[in-house]
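Chemist: Dropping the structure in here first, questions after.
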Amino acid sequence: MQGLEDLYREIILDHYKNPRNSGQLDSPPAHSAEGYNPLCGDEVAVFVANDGDRIVDIKMSGQGCSISRSSASLMTVAVKGKSVAEAREAIRTFKNMMSIHEAALGAEAEDQVTPADLRTLGELAALQGVVKFPVRIKCATLAWNTLSQVLDEIEAGESN
Amino acid sequence: MEAMTTQDTTDTLDVARIRADFPIFDRHGEKPLHFLDSAASSQRPIQVLAEMDEYYETTHANVHRGVYGLAERATEQYENSRVAVGAFVGAPDPSREIIFTKNATESLNLVSNSFARGLFAPGDKVVLTKMEHHANLVPWLMVKDQMGIEIVYIDHDADGYLDLEDLDAKLDGAKLVSLTLCSNVLGTLNPVKEIAARAHAAGAVVVADGAQYVPHIATDVQDLGIDMLAFTGHKMLGPTGIGVLWAKAELLERMPPFLGGGDMILDVRLDGYTPNEIPYKFEAGTPPIAEAIGLGAAVKYLSALGMDKVRAHEIALSEYALRRFEEEFGRDLVVHGPKNPLDRGGVLSFAYRNVHPHDISQVLDQFGVCVRAGHHCAKPLMRTLGVAATARASLYIYNDESDVEGLIEAIAATRSFFG
Chain A
78 MQGLEDLYRE
88 IILDHYKNPR
98 NSGQLDSPPA
108 HSAEGYNPLC
118 GDEVAVFVAN
128 DGDRIVDIKM
138 SGQGCSISRS
148 SASLMTVAVK
158 GKSVAEAREA
168 IRTFKNMMSI
178 HEAALGAEAE
188 DQVTPADLRT
198 LGELAALQGV
208 VKFPVRIKCA
218 TLAWNTLSQV
228 LDEIEAGESN
Chain B
7 MEAMTTQDTT
17 DTLDVARIRA
27 DFPIFDRHGE
37 KPLHFLDSAA
47 SSQRPIQVLA
57 EMDEYYETTH
67 ANVHRGVYGL
77 AERATEQYEN
87 SRVAVGAFVG
97 APDPSREIIF
107 TKNATESLNL
117 VSNSFARGLF
127 APGDKVVLTK
137 MEHHANLVPW
147 LMVKDQMGIE
157 IVYIDHDADG
167 YLDLEDLDAK
177 LDGAKLVSLT
187 LCSNVLGTLN
197 PVKEIAARAH
207 AAGAVVVADG
217 AQYVPHIATD
227 VQDLGIDMLA
237 FTGHKMLGPT
247 GIGVLWAKAE
257 LLERMPPFLG
267 GGDMILDVRL
277 DGYTPNEIPY
287 KFEAGTPPIA
297 EAIGLGAAVK
307 YLSALGMDKV
317 RAHEIALSEY
327 ALRRFEEEFG
337 RDLVVHGPKN
347 PLDRGGVLSF
357 AYRNVHPHDI
367 SQVLDQFGVC
377 VRAGHHCAKP
387 LMRTLGVAAT
397 ARASLYIYND
407 ESDVEGLIEA
417 IAATRSFFG
């Protein structure tokens with residue numbers, strides 16, 4: 078089961094079994110969005126409390142497989158306390174890592190996610206193995222796409 | 007066309023011999039293939055593939071159009087398949103009552119759209135169950151949005167049996183009842199014969215979704231007492247892209263056409279058209295000719311095996327699986343739906359400890375075990391089961407005890423990751 082060891086890293090299973098920042102925030106004042114994977118029925122809700130440009134608190138709830146749940150948990154840890162712009166950058170880097178096209182290009186593609194990127198990603202790099210299981214990429218990106226919607230909402234609110 | 011299956015005179019299916027007819031079991035790779043996802047789509051035997059190749063290599067031309075020999079032969083083969091498929095489900099007048107569609111979904115959309123175009127009035131009542139596949143749910147919800155019909159649902163109990171307690175009240179004033187013969191999630195074989203009789207007494211038309219039933223159980227539309235039956239080719243050894251609607255001729259005569267275009271008309275003027283006779287009235291455009299011929303070969307293959315033997319095989323294998331699950335996993339593994347193998351098709355949706363179905367399916371894949379994980383296009387049913395998804399193993403003619411053992415070994419292996 079060598080392939081599976083790449084997918085089910087210890088960090089992932091830890092975040093799956095002990096999810097961080099699990100729960101909800103009152104919305105409003107917090108901003109929130111829901112994401113669905115119609116393929117499998119996975120659901121996630123992301124709640125963000127912001128102070129201006131800063132993400133002061135974040136919670137996630139919902140149901141899903143180990144990959145979708147652990148990715149959501151890791152995401153909350155990665156962006157809590159960050160600015161909206163930094164969170165957007167984390168989303169971009171994470172989704173790059175999840176890009177199936179880059180994975181398909183083989184060795185050269187490894188360069189697409191730079192060592193610096195991996196340092197930025199920290200524990201999130203554990204999810205890199207998901208790319209080898211294309212069907213699961215949508216599980217891993219569900220929470221991130223949902224966070225992206227919340228950030229859109231925050232920025233739309235700020236510009237009003 | 008080697009390994010041609012002939013009439014088998016024994017009581018049970020010879021699975022080894024059947025598997026030899028299915029190239030995929032030799033060619034898919036190094037690991038043995040435990041294909042337990044036939045409820046999503048079955049595999050197909052060389053006899054079906056060869057028949058379609060033969061057609062393309064020697065016969066193809068468009069049907070119902072050319073006057074040359076090739077076109078006549080293509081038309082003859084296509085129409086012969088219609089009759090064979092109709093005979094397979096006991097249609098009294100197959101050459102007029104069998105309509106070829108794209109899949110069971112299109113067959114049901116044909117019915118819902120046709121009724122919406124002329125036979126439904128706003129406020130009419132349609133009765134469904136809460137265990138319908140989206141294919142027998144969304145088309146009716148669309149008609150509800152379009153013209154305001156009322157949809158009433160027959161409930162079911164925790165073991166997946168329909169609750170017939172207040173059936174007559176629900177049927178009162180109903181225009182149409184549409185329900186599955188076999189649930190694709192619970193496996194429940196619904197008492198359609200009884201429901202049809204009571205629905206007719208209430209004056210309703212009865213539509214049955216046979217997608218999970220016709221491939222597995224000898225089907226006789228007259229014995230079932232239904233008015234219409236939808237099913238699909240790719241779940242019964244045939245190709246994708248071919249579905250079937252059987253309906254009583256007198257009903258088809260009254261139903262307005264669904265798709266418009268060539269072949270479905272007798273005459274077209276700039277200000278109107280005259281629809282063709284049945285079944286052509288419902289077959290617009292060039293039909294899936296090779297696919298229909300492939301489905302004809304599939305029903306020939308199944309008939310040669312004997313549908314009673316197919317059913318007996320699946321009951322025995324379901325029984326074996328349920329017993330082995332119990333032995334190996336006890337309460338850690340829960341199979342949804344009826345506990346009695348006689349009350350269910352060969353569909354085993356299960357939950358194992360708290361492992362998410364996606365993760366189960368992923369680990370199983372490493373063992374060459376193919377199962378479906380997800381909501382099985384039955385989201386309302388998933389909600390009543392209180393789960394977002396299930397893992398589903400489904401059985402067919404080429405499965406045997408070794409597939410069940412492969413499944414059990416793989417399920418046990420999920421514990422190395424998920425404790």
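Chains A and B, in that order, are what the protein sequence lines are.
Each residue of the first sequence is one higher than the one before, counting from 78 in the working numbering.
Each residue of the second sequence is one higher than the one before, counting from 7 in the working numbering.
In this text, a Cβ means the ideal position worked out from N, Cα and C, and glycines have one as well.
Given that residue 365 of chain B touches chain A, what residues does it touch there, using C-beta distances under 7 Å?
Modeler: Going along chain A in sequence order, the residues near residue 365 of chain B (Cβ under 7 Å) are 142, 143.
Chemist: So residue 84 of chain A contacts chain B; which residues on that side make the cut at Cβ distance below 8 Å?
Modeler: Near residue 84 of chain A (Cβ distances below 8 Å), the residues of chain B are 368.
Chemist: Mind checking if residue 136 of chain B is an interface residue toward chain A, Cβ cutoff 8 Å exclusive?
Modeler: Taking Cβ atoms only, chain A never reaches closer than 8 Å to residue 136 of chain B, which makes this a no.
Chemist: In this structure, how does DSSP classify residue 254 of chain B when only helix, strand and coil are distinguished?
Modeler: In this structure, residue 254 of chain B counts as coil in the three-state DSSP scheme.
Chemist: Drop a sphere of 10 angstroms on the beta-carbon of residue 62 of chain B, count the other beta-carbons inside from all chains shown, and report buried for 16 or more, exposed for fewer.
Modeler: Result: exposed.
Chemist: Over what stretch of residues does the alpha helix (DSSP H) that includes residue 59 of chain B continue unbroken?
Modeler: That run of the alpha helix (DSSP H) goes 52-64.
Chemist: What would DSSP say about residue 289 of chain B, mapped onto helix, strand or coil?
Modeler: Coil.
Chemist: How about residue 137 of chain A and residue 220 of chain A: do their beta carbons lie closer than 8 Å?
Modeler: Yes.
Chemist: Which residues of chain B have a Cβ atom closer than 8 Å to the Cβ of residue 210 of chain A, listed in chain order?
Modeler: Within 8 Å Cβ-Cβ: 368.
Chemist: With a cut-off of 8 Å, does the C-beta of residue 49 of chain B fall near any C-beta of chain A?
Modeler: No - not a single Cβ of chain A is within 8 Å of the one on residue 49 of chain B.
Chemist: If you draw a straight line from the C-alpha of residue 25 of chain B to the C-alpha of residue 54 of chain B, how long is it?
Modeler: Going from the Cα of residue 25 of chain B to the Cα of residue 54 of chain B covers about 14 Å.
Chemist: Does any residue of chain B bring its CB to less than 8 Å from the CB of residue 120 of chain A?
Modeler: So, interface residue.
Chemist: Could you tell me which chain B residues have their CB closer than 7 Å to the CB of residue 80 of chain A, listed as they occur along the chain?
Modeler: What residue 80 of chain A touches in chain B: 372.
Chemist: Could you please give the first and the last residue of the uninterrupted alpha helix (DSSP H) stretch that includes residue 380 of chain B?
Modeler: First-last for residue 380 of chain B: 378-380, but that is the beta strand (DSSP E), not the alpha helix (DSSP H).
Chemist: Could you give the residue range of the alpha helix (DSSP H) that holds residue 281 of chain B?
Modeler: Residue 281 of chain B -> not in any alpha helix (DSSP H); beta strand (DSSP E) instead, spanning 278-281.
Chemist: Roughly how many whole angstroms lie between the Cα atoms of residue 130 of chain A and residue 167 of chain A?
Modeler: When rounded, the distance between both Cα atoms is 15 Å.
Chemist: Sort B:23, B:30, B:51 by Cα distance to residue 242 of chain B and report the nearest one.
Modeler: When only C-alpha atoms are compared, the closest one is B:51.
Chemist: What's the call for residue 181 of chain B, buried or exposed, on a 16-neighbour Cβ count within 10 Å?
Modeler: Buried, since its Cβ has 16 or more Cβ neighbours within 10 Å.
Chemist: Return the CA-CA distance between residue 224 of chain A and residue 410 of chain B, expressed in angstroms with no decimal places.
Modeler: Looking at the two C-alpha atoms, the distance is approximately 42 Å.
Chemist: At what residues does the alpha helix (DSSP H) containing residue 275 of chain B begin and finish?
Modeler: Element bounds for residue 275 of chain B: not the alpha helix (DSSP H) but the beta strand (DSSP E), 271-275.
Chemist: Flag residue 392 of chain B as yes if its beta-carbon sits less than 8 Å from any beta-carbon of chain A, otherwise no.
Modeler: By this cut-off, residue 392 of chain B is not an interface position.
Chemist: Please identify, using Cβ separations under 8 Å, the residues of the region 107-141 of chain A that lie next to chain B, in order along the chain.
Modeler: If the cut-off is 8 Å between Cβ atoms, the region 107-141 of chain A has 116, 117, 118, 119, 120, 140, 141 near chain B.
Chemist: Below 8 Å, how does it come out for the region 196-212 of chain A and the region 150-164 of chain A: are there three or more Cβ pairs, yes or no?
Modeler: In short, these stretches touch, since the Cβ pair count reaches three.
Chemist: Could you tell me if residue 37 of chain B is buried or exposed, where buried requires 16 or more neighbouring beta carbons within 10 angstroms of its beta carbon?
Modeler: Exposed: under 16 other Cβ atoms inside 10 Å.
Chemist: Taking the alpha-carbon positions, what's the residue 228 of chain A to residue 112 of chain A distance?
Modeler: Answer to the nearest angstrom: the Cα atoms are 14 Å apart.
Chemist: Residue 380 of chain B versus chain A: which residues are under 7 Å apart at the beta carbon?
Modeler: Neighbours of residue 380 of chain B on chain A, chain order: 116, 117, 118.
Chemist: Pull up the distance between the alpha-carbon of residue 91 of chain A and that of residue 388 of chain B, whole angstroms please.
Modeler: Each residue's Cα considered, the two are about 27 Å apart.
Chemist: Let me confirm a value: residue 267 of chain B is counted as buried when at least 16 other C-beta atoms fall within 10 Å, else exposed. Which label applies?
Modeler: By the 10 Å Cβ count, residue 267 of chain B comes out exposed.
Chemist: The alpha helix (DSSP H) with residue 201 of chain B in it runs from where to where?
Modeler: It spans 198-207 - the alpha helix (DSSP H) in which residue 201 of chain B sits, taken as one unbroken run.
Chemist: Is it right to say residue 272 of chain B is buried, meaning 16 or more other beta carbons lie within 10 angstroms of its own, or is it exposed?
Modeler: Burial call: exposed.
Chemist: At 7 Å on the CB atoms, spell out the chain A contacts of residue 153 of chain B, in chain order.
Modeler: Under the 7 Å cutoff, chain A gives no residues; its nearest Cβ is about 26 Å from residue 153 of chain B.
Chemist: Assuming residue 211 of chain B is part of the beta strand (DSSP E), what are its boundary residues?
Modeler: From DSSP, the beta strand (DSSP E) with residue 211 of chain B extends over 211-215.
Chemist: Taking only the alpha-carbon atoms, compute the straight-line gap between residue 11 of chain B and residue 226 of chain A and give it to the nearest angstrom.
Modeler: A caution first: residue 11 of chain B carries a pLDDT of 48, below 50, which makes its placement in the model too unreliable to give a value.
Chemist: Step through the CB atoms of chain A and report whether any lies within less than 8 Å of the CB of residue 356 of chain B.
Modeler: Not closer than 8 Å to any Cβ of chain A, the Cβ of residue 356 of chain B fails to qualify, so no.
Chemist: Apart from the five residues on each side of it in sequence, which residues of its chain come closer than 7 Å, Cβ to Cβ, to residue 232 of chain A?
Modeler: Correct list, in chain order: 161.
Chemist: Which residue comes first and which comes last in the beta strand (DSSP E) that contains residue 398 of chain B?
Modeler: Residues 396-400.
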